[in-house]
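The working numbering applies: residue 1 is where the sequence shown begins, and numbers increase by one. By construction, the Cβ of each residue, glycine as well, lies at the ideal position given by its N, Cα and C atoms.
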Amino acid sequence: MTENLDLFSAPAPVDPAQPAIRIKALRDQLNHWAHQYYVLDAPTVPDAEYDRVYRELQALEAAHPDLVTPDSPTQRVIGAVMDGLVPVRHAVPMLSIHTETDTEATGAQAFDARVRRELGLSDADPAIEYVAEPKFDGLAMSLRYENGRLVQAATRGDGEVGEDVTHNIRTIRQIPLTLPGDVPPLLEVRGEVYMRRADFDALNERQREQGGKTFVNPRNAAAGAVRQLDSGITAQRPLSFFAYGLGAITPLGEGGPVFRTHYEMLQTLKSWGFPVAAQVRIAVGAAELVTFHRQVGASRDALPYDIDGVVYKVNSLQLQRDLGFKTREPRWAVAHKYPAQEMATKVEAIDVQVGRTGKITPVARLAPVFVGGVTVTNATLHNLFEIRKKGVRVGDTVIVRRAGDVIPEVVGVIAPTLGTDVSSLPPRGADPALGRPGGGVMPGTRAGYVPNFRMPNACPVCGSDVVREKGEANHRCTGGLFCAAQRKEAILHFAARRAMDIEGLGDKLVDQLVDANVIRTLPDLYRLGLTSLVALERMADKSAQNVLAALERSKQTTLPRFLFGLGLRHVGEATAKDLARHFGTLDAIMDASVEQLLQVNDVGPVVAQSLHTFFQQAHNREVVEQLRACGVTWPEGAPAERAPQILAGKTVVLTGTLPTLGRDAAKDLLEAAGAKVAGSVSKKTSYVVAGEEAGSKLAKALELGVPVLDEAGMLALLHAGAAAEGAG
Ligand code: IVH
1 MTENLDLFSA
11 PAPVDPAQPA
21 IRIKALRDQL
31 NHWAHQYYVL
41 DAPTVPDAEY
51 DRVYRELQAL
61 EAAHPDLVTP
71 DSPTQRVIGA
81 VMDGLVPVRH
91 AVPMLSIHTE
101 TDTEATGAQA
111 FDARVRRELG
121 LSDADPAIEY
131 VAEPKFDGLA
141 MSLRYENGRL
151 VQAATRGDGE
161 VGEDVTHNIR
171 TIRQIPLTLP
181 GDVPPLLEVR
191 GEVYMRRADF
201 DALNERQREQ
211 GGKTFVNPRN
221 AAAGAVRQLD
231 SGITAQRPLS
241 FFAYGLGAIT
251 PLGEGGPVFR
261 THYEMLQTLK
271 SWGFPVAAQV
281 RIAVGAAELV
291 TFHRQVGASR
301 DALPYDIDGV
311 VYKVNSLQLQ
321 RDLGFKTREP
331 RWAVAHKYPA
341 QEMATKVEAI
351 DVQVGRTGKI
361 TPVARLAPVF
371 VGGVTVTNAT
381 LHNLFEIRKK
391 GVRVGDTVIV
401 RRAGDVIPEV
411 VGVIAPTLGT
421 DVSSLPPRGA
431 DPALGRPGGG
441 VMPGTRAGYV
451 PNFRMPNACP
461 VCGSDVVREK
471 GEANHRCTGG
481 LFCAAQRKEA
491 ILHFAARRAM
501 DIEGLGDKLV
511 DQLVDANVIR
521 TLPDLYRLGL
531 TSLVALERMA
541 DKSAQNVLAA
551 LERSKQTTLP
561 RFLFGLGLRH
571 VGEATAKDLA
581 RHFGTLDAIM
591 DASVEQLLQV
601 NDVGPVVAQS
611 LHTFFQQAHN
621 REVVEQLRAC
631 GVTWPEGAPA
641 ERAPQILAGK
651 TVVLTGTLPT
661 LGRDAAKDLL
671 EAAGAKVAGS
681 VSKKTSYVVA
691 GEEAGSKLAK
701 ALELGVPVLD
711 EAGMLALLHA
721 GAAAEGAG
């Protein structure tokens with residue numbers, strides 16, 4: 001704040017005779033804040049403060065239109081609409097740059113060797129100093145400033161003649177419209193206009209919401225924005241800028257600046273208000289270039305913007321002049337690329353894959369393409385919405401992206417095909433969520449798009465129905481426990497502590513059991529024998545016995561735990577308890593209609609439908625029957641209206657280890673009968689249920705004369721109460 005001009009200490013009385021002075025002070029202040037905000041990424045005033053000053057300037061300018069200049073911060077978006085872009089001849093051509101695509105070491109070494117040879121250096125001579133920069137993936141721009149004011153912005157074009165895009169470039173807040181007083185009278189700054197990844201994602205999100213066109217990547221979005229005829233549109237596409245060089249400049253003899261090195265020039269541009277990438281480094285000799293290439297490559301995906309390589313430049317401007325040019329490329333610079341993260345290829349087919357939670361993912365089968373350093377033949381299309389949104393068809397040429405270790409994805413279509421119409425495909429069943437029957441159009445679908453892929457009706461792994469619930473983007477297999485793809489996940493969920501609580505049945509063991517085909521369905525768990533367990537790798541006799549004991553213990557459970565353990569979508573612990581309380585028995589739940597299910601507390605249409613669908617599948621009922629046959633059991637009650645709340649108003653404390661029931665199971669049983677389960681014993685405690693190794697709580701109960709029960713006593717109490725209620 002210390003640098004800020006003192007504009008606010010008083011309500012700023014404007015001397016009517018001096019509006020020009022006030023206007024200048026306001027513009028300087030706004031420019032200063034904007035530089036801190038947009039270039040340095042370090043705001044120093046609240047937005048409201050900025051807005052207040054901005055409005056004051058707007059008001060003053062409205063009162064004095066003769067004082068409005070094009071470099072005022074109020075004039076960034078002036079809504080200029082062009083008939084076409086006007087060609088501009090560059091005062092100094094915009095060169096291209098030689099590209100090395102070799103592996104990290106050889107690319108940099110070849111360049112360094114070439115530079116040394118051209119300069120006639122021997123091995124005995126010292127290493128050359130370079131500047132290493134990211135190679136930004138946007139589009140080259142030349143910004144012309146005359147007497148410190150932006151007068152023209154031009155694209156590269158063919159290097160000799162570009163296009164005038166000044167009206168659009170003025171909307172980029174990172175680009176100063178006015179420079180400080182000490183700049184040369186003529187200054188052309190060259191650099192890259194690009195779009196940050198986060199800005200790109202937000203832009204696409206907005207476009208999607210508004211049903212507009214989405215962009216394949218930040219580079220395309222930036223290029224499209226720069227070449228708009230209407231700068232109002234450009235202003236809505238958040239662009240950024242990095243400076244990396246100079247074009248024409250006032251010569252030394254006429255008061256131009258003296259730069260000795262490229263690095264010094266970049267630092268000066270920075271001091272004049274231009275954004276210069278923080279990654280720019282001085283590197284001495286080939287070895288440091290190699291290190292730079294490797295380090296930037298490793299952090300590539302973490303950068304907020306896309307790069308497609310790095311650029312090495314000889315630092316000394318004298319050496320640059322000595323080296324000169326070869327046709328249209330400087331001998332003092334080279335681009336060293338990384339493997340492309342995006343490539344074009346053809347979609348040969350679209351298949352689906354079933355994930356561990358039943359999610360059906362459409363996958364594009366591609367003509368093999370080398371992208372992100374590997375050959376890719378499959379790429380995810382995420383879901384049907386994404387296919388429609390991107391307008392992908394079998395036969396299209398698409399852009400495939402593989403960044404880092406992320407699975408390859410289809411980002412968009414570049415050359416659509418006009419192939420078979422969807423009406424020639426086998427029909428899909430009615431999908432009310434899609435606005436079918438008859439093939440409705442999904443919201444957000446690319447305009448004019450005729451799909452030639454259909455989501456299958458049946459799961460390719462198990463043949464169960466495939467559904468998509470309202471409000472969901474993903475299709476799912478309804479096969480649940482029956483579907484091999486979902487088995488591991490289902491078993492782990494079933495065994496979880498809050499479900500059947502099978503101790504020792506973790507990730508690794510479940511993987512082994514399913515992979516070895518020992519467990520195909522949940523009931524198979526209870527058919528496990530010592531022999532098959534011990535046959536598994538890294539399974540000792542003792543641990544196998546522990547697993548079997550845990551399985552045996554888990555058979556005594558409660559209805560909510562069992563229901564929750566089945567892993568139905570949308571049925572969490574709370575819903576499982578509500579269902580058990582409402583219906584009393586599993587059979588009642590399985591046979592309930594959607595309408596009956598809707599009677600349950602907190603069960604809405606989505607849950608009701610999901611439950612109903614699940615229990616309509618014969619194989620799911622079969623799994624339940626087999627689990628019961630294996631000895632899985634729980635106390636069944638009457639429906640909630642007649643549920644025996646025999647422990648209503650009573651407080652029970654559990655302590656020690658019970659012989660068969662786990663702590664949670666005992667708690668559930670007590671709570672279902674209306675008891676409150678507390679953590680400490682007092683005079684108000686109705687019962688203490690004590691197991692093995694009960695300690696201080698048992699002592700306290702005995703001291704206070706609170707009745708103490710063991711597990712059998714507790715179960716007897718519950719059953720006696722239930723029987724009495726039933727009789728009464
Ligand atoms: S220097 C004489 N530096 O790469 C060399 N170019 O140049 C002039 N690019 O489309 C270019 N990042 O827009 C230079 N740090 C960087 C760059 C860079 C990206 C682009 C440039 C042009 C292409 C070839």
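Determine the DSSP secondary structure at G256, reduced to helix, strand or coil. coil
Where I21 falls, given that 16 or more other Cβ within 10 Å makes a residue buried: exposed
List the endpoints of the continuous beta strand (DSSP E) containing N378. V374 to T380
N-terminal and C-terminal residue of the alpha helix (DSSP H) that F494 is part of: A484 to A495
Examine the ligand IVH and report whether any of its heavy atoms sits within less than 7 Å of the Cβ of S96. yes
Round the Cβ separation of V410 and A364 to the nearest angstrom and send it over; I've been treating them as touching at under 8 Å. 5 Å
Can you name the start and end residues of the beta strand (DSSP E) that H98 belongs to? H98 to E100
When DSSP labels each residue in this structure, what does L654 get in the three-state scheme? strand
What residue range is occupied by the uninterrupted alpha helix (DSSP H) comprising K313? From DSSP, K313 is part of no alpha helix (DSSP H) but of the beta strand (DSSP E) over I307 to V314.
Could you name the residues that DSSP lists as bridge partners for S240? Y194
Under 7 Å from any heavy atom of the ligand IVH, does the C-beta of P218 make it? no
Using only the alpha-carbon positions, how far apart do I97 and Y50 sit? 41 Å
Counting along the chain, where does the alpha helix (DSSP H) carrying D668 start and finish? R663 to A672
Comparing the CB of G297 with every heavy atom of the ligand NAD, is any distance shorter than 7 Å? The ligand NAD is not among the ligands present in this structure, which contains only the ligand IVH.
Use the C-beta contact count for G159: other C-beta atoms within 10 angstroms, 16 or more gives buried, fewer gives exposed. exposed
My understanding is that N168 touches A108, with C-beta atoms under 8 Å, so please give their C-beta distance in whole angstroms. With 8 Å as the limit, N168 and A108 do not qualify as a contact, their Cβ atoms being about 36 Å apart.
Where N601 falls, given that 16 or more other Cβ within 10 Å makes a residue buried: exposed
Exposed or buried, K390, counting other C-beta atoms within 10 Å across all chains shown (16 or more means buried)? buried
Going straight from the alpha carbon of A754 to that of H382, what length do you get? Because residue 754 is not part of the residues shown, which for the chain are 1 to 728, the question remains open.
In DSSP terms, what H336 is bridged to: E100 and V310
Measuring only the C-alpha atoms, how far is Y244 from V115? 20 Å
Leaving aside the five residues before and after K650 along the sequence, list all residues of the same chain whose C-beta is less than 8 Å from its C-beta, in chain order. G674, A675, K676, S686 and Y687
Per the DSSP calculation, G245 is bridged to which residue(s)? R190
Would G412 and V347 be called neighbours here (beta carbons separated by less than 8 Å)? no
Taking the C-alpha atoms as reference points, what is the distance between E329 and M94? 10 Å
Name the one or two DSSP bridge partners that K676 has. T651
Say yes only if the C-beta of G245 is nearer than 7 Å to one or more non-hydrogen atoms of the ligand IVH, and no if none qualify. yes
Whole angstroms are fine: how far does the CA of H336 sit from the CA of E100? 5 Å
Give the single residue among P70, A132, L26 and C462 whose Cα lies nearest to the Cα of V290. A132
Length-filtered (4 minimum) alpha helix (DSSP H) runs lying within the region 140-183: 166-169
What number of angstroms, rounded off, separates the C-alpha of E146 from the C-alpha of Q318? 26 Å
Taking the continuous beta strand (DSSP E) assigned at M343, which residues delimit it? E342 to V354
Same chain, Cβ closer than 6 Å to L425, neighbours up to 5 away in sequence not counted: Bear in mind that the predicted position of L425 carries a pLDDT of just 43, short of 50, making it unreliable; the figure below should be weighed with that in mind. Same-chain partners within the cutoff: R454.
Under a Cβ-count criterion, where at least 16 other Cβ atoms within 10 Å of its own Cβ denotes burial, should T345 be classed as buried or exposed? buried
Pull the bridge partners of T397 from the DSSP assignment, please. K346 and A415
In the DSSP assignment, find the alpha helix (DSSP H) that holds P218 and state where it starts and stops. P218 to V226
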